[in-house]
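In what follows, a structure is listed as structure tokens, so that the remarks can point back to it.
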Amino acid sequence: MNSEFDTQQYLIAKRNQNYVIGDSDFPVIDRLCKKVDVVKKVYQVYSADLSSKLSNEEVGHNRYQELFELLLSAATLLEDYKFLNTALKLNDLLFKRGMLEEKKAEENSRQLSDLIITFSQNRQGAANERS
-3 MNSEFDTQQY LIAKRNQNYV IGDSDFPVID RLCKKVDVVK KVYQVYSADL
47 SSKLSNEEVG HNRYQELFEL LLSAATLLED YKFLNTALKL NDLLFKRGML
97 EEKKAEENSR QLSDLIITFS QNRQGAANER S
């Protein structure tokens, strides 16, 4: 069993798979959410269970954008506000740190807003079907 989790390799692999997510990905994505939500940074290497960082090197701009896309994919698949919330935080964090141009941050925000509207409409539709 591997004793390390290489964040960069994982995110590149997910990008190469067009952000297709399997059941085994959800615990990983959940733990990466915690890195964004609490630490406000994602490091290149963690322990296998992502409980502790094994490097002091933060992932770069491209990996952060891949993480954003992965969060969007997870949020869309599950209609999960947790992943959506972390994507919002990540977008804001990257913009504030100068890692994201204003135009790209606004584009990301529009995608997130569209998802919020879709989730709300789907939930309203489901509520109406139950009544």
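Numbering of the sequence shown is given in this note's numbering, commencing with residue -3 and proceeding in unit increments.
Ideal Cβ positions, reconstructed from N, Cα and C, are used throughout, including at glycine.
These numbers come from a predicted model, not from an experiment.
Mind checking residue i: buried by the 16 CB within 10 Å criterion, or exposed?
i      : result
Arg59  : buried
Asn118 : exposed
Ser137 : Residue 137 falls outside the range modelled here, since the chain spans only -3 to 127, and no answer is possible.
Gln61  : buried
Under DSSP, the alpha helix (DSSP H) around residue i begins and ends at which residues?
i      : result
Asp21  : 21 to 30
Ser69  : 57 to 74
Lys36  : No alpha helix (DSSP H) holds Lys36; DSSP gives it neither H nor E.
Asn129 : For the chain, the structure presents residues -3 to 127; residue 129 sits outside this window and is missing.
Is it true that the CB of residue j sits closer than 8 Å to the CB of residue i?
i     : j     : result
Ser51 : Gln40 : yes
Phe64 : Asn87 : yes
Ala83 : Phe91 : no
Cys29 : Lys99 : no
Glu54 : Lys37 : yes
Can you pull the DSSP bridge partners for residue i?
i     : result
Phe1  : Tyr42
Lys49 : Tyr42
Glu54 : Tyr39
Hey, residue i and residue j are a contact pair by Cβ (cut 8 Å); roughly how many whole angstroms apart?
i     : j      : result
Leu7  : Arg27  : No, Leu7 and Arg27 are not in contact; Cβ-Cβ is about 13 Å, not under 8 Å.
Leu66 : Ile112 : Their Cβ separation, rounded to whole angstroms, is 18 Å, which puts Leu66 and Ile112 out of contact at 8 Å.
Glu0  : Ser43  : 7 Å
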